[in-house]
Amino acid sequence: MSHPLLAVENLRVTFPTSRGPMDVVRGISFSLGRERLGIVGESGSGKSMTGRSILKLIRSPGTVTADRLDFDGIDLLKQTEKAMRAIRGARISMVMQDPKFSLNPVMTVGEQIAEALITHQRLARREVRERVHAMLESVRISDPQRVAKLYPHEVSGGMGQRVMIAMMLIPEPDLLIADEPTSALDVSVQAQVLDIIDDLVRRKGMGLIFISHDLNLVSSYCDRILVMNSGRVVEECKAGELRGATHPYTRALISAVPRLNETRDELPVLDRSAWADQ
Amino acid sequence: MTALSLKNLDIFYGRTQITQAINLEIQEGESFALVGESGSGKSTVLKAIAGLAPEWTGSITAFGKPRGHGIDQNFSKTCQMVFQDPYGSLHPRKTVDAILSEPLSIHGIGNQNERVEDVLISVGLDRKFRFRFPHQLSGGQRQRVAIARALVLQPKLLLLDEPTSALDVSVQAEILNLLKRLRREQNLTFLMVTHNLPVVSFLCDRLAVMRHGRIVETADVAQLKQGALIEPYSRELIDISATHAT
């Protein structure tokens, strides 16, 4: 990749605690082209913090430092809060975990999606409406006119998440960060939502960072995978080569998942002490 | 002996009918799974058995004793429920000790100190957790407390509503192992609701597939493992799992 979309070098996220500063992300580096990158790890591994720090969404007292944090030639670390607002949504956007808590309960679905669009562009009202309907259709909502008028509590979890995706993709960003986009959803709806993300990302040639604790899911939707544990990247591999992963932590994560054709009487459990402080 | 028998169970929320003519027979010591997508009514069946959805017609019988519609103390002693979200199902201002003692007080059971200690050991929680509050525990530890709360009355039937779906895969493995061990040690009967077929394959003996409030198919787990379910809808569920799994 000659010109990476995103280049991260030695990224650190630090929070002060009563026992002194605590690094939750401890110097990770990666670069991303127009490809699909998966970040996997358990809770507390720092994977969500990594995603958030790219958008500079870490709130004080947390601090982000890096040797390099470049997005499409823009040095994100040097951007002011105002400049970041122009980047967030328009260039990089983020799909959060739970549609129940991430959608505004007192705005209709259509208004929220339109808001994402007109924050960044001046458009005629009719065109906005058309774009919203087209976007809802592209996330496979069959009746956009009706759904646009609904409030978030009137739609199901799966549909709520599709609305979120529509909202995040309507300004046509270059990079989409999806933080556990489907963990609040059923298996059957999960597949549908991921297929939609996958399809849109491919069609628009965007970069995708997919953050999840589910290795299988990540390996089937990404090109490349970073495995994180306690703030560090312990392994990086191609999605197809995940089965051949060598790091004991990655191997332990893989084998902890029950299989459809399960014959083991007991599932192997992670020995956390082994990787706690490497 | 039949641990749980549901006959023609129709459950309503107000005027809306949620399930239609549910019939199930679960033997003592068996682990049975109800699978299906959200809105299929699988959790509602558990709620009706636990007494949380009191508007139903038909019959619910556990170990030969029919259940009434109201609060039924004797029924609670034989049948307890574990909920999906360990963050929501524990009282935030009660210590683990208070959470585990409460069912004992309600049922007028003495020897509380010892029983709380025993149940903590059996779910693999160290004694130091006994006087902590839920917010001081991790998700997996909380789910252990929730399982301990259900077990402290020494029930014979455990209703499990997606007990691991809010947890990480690595923590999920720990909780699944725990449930398997407890079932073996205490000869428990499980009725588990889940949408995760690999979990069914690990923990259960039989399963029923639900859709739109009806049971469309009942099968052995051996059939699930071979992918030999008959109904098209069940096969669809298997296909979805298979494309994501190994």
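Residue numbers (this note's numbering), protein chains in the order written: chain F, 2 to 279; chain L, 18 to 263. Note that beta-carbon positions come from the ideal geometry of N, C-alpha and C, so glycine has one too.
Same chain, Cβ closer than 6 Å to residue i, neighbours up to 5 away in sequence not counted
| i | result |
| --- | --- |
| residue 28(F) | 11, 13 |
| residue 106(F) | 153 |
| residue 57(F) | 85 |
| residue 229(L) | none |
| residue 77(F) | 70 |
| residue 50(F) | 14, 25, 26 |
| residue 65(L) | 28, 73 |
| residue 138(F) | 145 |
| residue 32(F) | 5, 8 |
| residue 285(F) | Past the edges of chain F, shown from 2 to 279, lies residue 285(F), and the structure says nothing about it. |
Residue-level contact to chain F via CB, residue i, 8 Å cutoff
| i | result |
| --- | --- |
| residue 186(L) | yes |
| residue 258(L) | yes |
| residue 254(L) | yes |
| residue 263(L) | The predicted position of residue 263(L) is uncertain, since its pLDDT is 42 and thus under 50; a value taken from the coordinates is nonetheless stated next. Judged by the 8 Å Cβ criterion, residue 263(L) is in contact with chain F. |
Test: residue i CB closer than 8 Å to a CB of chain L
| i | result |
| --- | --- |
| residue 260(F) | yes |
| residue 228(F) | no |
| residue 44(F) | yes |
| residue 18(F) | no |
| residue 12(F) | no |
| residue 231(F) | no |
| residue 129(F) | no |
| residue 279(F) | Model confidence at residue 279(F) stands at a pLDDT of 44, short of 50, so the residue's coordinates are unreliable and nothing is read from them. |
| residue 187(F) | yes |
| residue 87(F) | no |
| residue 192(F) | yes |
| residue 311(F) | The structure shown does not extend to residue 311(F), since chain F is modelled only from 2 through 279, so no value can be given for it. |
| residue 25(F) | no |
| residue 270(F) | yes |
Same chain, Cβ closer than 7 Å to residue i, neighbours up to 5 away in sequence not counted
| i | result |
| --- | --- |
| residue 117(L) | 133, 136, 165, 166, 169 |
| residue 103(F) | 97, 165 |
| residue 124(L) | 90, 94, 170 |
| residue 132(F) | 118, 171 |
| residue 89(F) | 56 |
| residue 279(F) | No answer about residue 279(F) holds up, because its pLDDT of 44 lies below 50 and its placement is not dependable. |
| residue 252(L) | 246 |
| residue 121(L) | 129, 132, 169 |
| residue 202(L) | none |
| residue 293(F) | Since the first and last residues shown for chain F are 2 and 279, residue 293(F) lies out of range. |
| residue 214(L) | 52, 241, 254, 255, 258 |
| residue 191(L) | 157 |
Same chain, Cβ closer than 8 Å to residue i, five either side skipped, listed in chain order
| i | result |
| --- | --- |
| residue 47(L) | 20, 206, 207, 222, 223 |
| residue 257(F) | 268, 269, 270, 271 |
| residue 217(F) | 258 |
| residue 83(L) | 76, 77 |
heavy atom of the ligand FMN below 7 Å from residue i C-beta
| i | result |
| --- | --- |
| residue 49(F) | Questions concerning the ligand FMN fall outside what the structure shown contains, since it holds no ligand whatsoever. |
(request) Flag this pair as touching only if the stretch 55-62 of chain L and the stretch 264-273 of chain F have three or more C-beta atom pairs under 8 Å; answer yes or no. (result) No: the two stretches stay apart, fewer than three of their Cβ pairs being nearer than 8 Å.
(message) Which residues of the stretch 206-232 of chain L have a Cβ closer than 7 Å to any Cβ of chain F? Give them in chain order.
(response) Of all residues in the stretch 206-232 of chain L, 212, 213, 214, 215, 216, 218, 219 have a Cβ within less than 7 Å of some Cβ in chain F.
(message) Quick check for students: name the residue ranges of the alpha helix (DSSP H) that lie wholly in the stretch 144-189 of chain L, counting only runs of 4 or more.
(response) You should have 156-168.
(request) Anything in the stretch 203-218 of chain F with a Cβ closer than 9 Å to a Cβ of chain L? List those residues in chain order, please. (result) Answer in chain order: 214, 215, 216, 217, 218.
(request) Residues of the stretch 175-203 of chain L with a CB closer than 9 Å to any CB of chain F: list them in chain order, please. (result) Per Cβ criterion, the list reads 182, 183, 184, 185, 186, 187, 188, 189, 190, 191, 193, 194, 197, 198.
(request) Below 8 Å between beta carbons is the criterion; list the residues of the stretch 28-56 of chain L that meet it against any residue of chain F, in chain order. (result) Answer set for the stretch 28-56 of chain L: 54, 55, 56.
(request) Compile a chain-ordered list of the residues in the stretch 149-167 of chain F whose CB is closer than 9 Å to at least one CB of chain L. (result) Among the residues of the stretch 149-167 of chain F, those with a Cβ less than 9 Å away from any Cβ of chain L are 157, 158, 159, in the order of the chain.
(message) For the stretch 240-252 of chain L, list every residue whose C-beta sits within 7 Å of some C-beta in chain F, in sequence order.
(response) Residues of the stretch 240-252 of chain L that bring their beta carbon within less than 7 Å of a beta carbon in chain F comprise 242, in sequence order.
(message) With three or more C-beta pairs closer than 8 Å as the rule, is the stretch 230-240 of chain F touching the stretch 195-208 of chain L?
(response) Judged by Cβ distances under 8 Å, the stretch 195-208 of chain L makes no contact with the stretch 230-240 of chain F, as fewer than three pairs qualify.
(request) With a floor of 4 residues, list each alpha helix (DSSP H) that falls wholly inside the stretch 97-181 of chain F, ordered by position along the chain. (result) As far as the stretch 97-181 of chain F is concerned, its whole alpha helix (DSSP H) runs of at least 4 residues are 100-103, 110-119, 126-139, 145-149, 158-170.
(request) Assess, as a yes-or-no matter, whether the stretch 156-164 of chain F is touched by the stretch 185-198 of chain F under the definition of 3 or more beta carbon pairs within less than 8 Å. (result) The answer is yes - the stretch 156-164 of chain F touches the stretch 185-198 of chain F, with three or more Cβ pairs under 8 Å.
(message) Please give the ranges of any beta strand (DSSP E) in the stretch 16-80 of chain F, keeping only runs that are unbroken, at least 3 residues long and fully inside the region.
(response) The stretch 16-80 of chain F contains these whole beta strand (DSSP E) runs: 21-33, 37-41, 64-66, 69-72.
(request) Determine which residues of the stretch 235-266 of chain F have a Cβ less than 7 Å from any Cβ of chain L, and write them out in chain order. (result) Against chain L - using a Cβ distance shorter than 7 Å - the residues of the stretch 235-266 of chain F are 254, 257, 258, 259, 260, 261, 262, 263.
(request) Would you be able to state if there are at least three C-beta pairs under 8 Å between the stretch 66-78 of chain L and the stretch 144-160 of chain L? (result) No, the stretch 144-160 of chain L is not in contact with the stretch 66-78 of chain L.
(request) Spell out a yes or no on whether the stretch 206-213 of chain F and the stretch 173-184 of chain F are touching, meaning 3 or more CB-CB pairs, one atom from each, closer than 8 Å. (result) Result yes; three or more Cβ-Cβ pairs closer than 8 Å.
(request) Inspect the CB distances between the stretch 182-190 of chain L and the stretch 138-147 of chain L and report whether three or more fall short of 8 Å. (result) Too few Cβ pairs lie closer than 8 Å, so no.
(request) Tell me the start and end of each unbroken alpha helix (DSSP H) in the stretch 224-248 of chain L that is at least 4 residues and wholly inside, in chain order. (result) For the stretch 224-248 of chain L, whole alpha helix (DSSP H) runs of length 4 or above, ordered along the chain, are 238-242.
(request) Check whether the stretch 183-198 of chain L touches the stretch 238-247 of chain F, taking contact to mean three or more Cβ pairs, one atom from each stretch, closer than 8 Å. (result) No, they do not touch.
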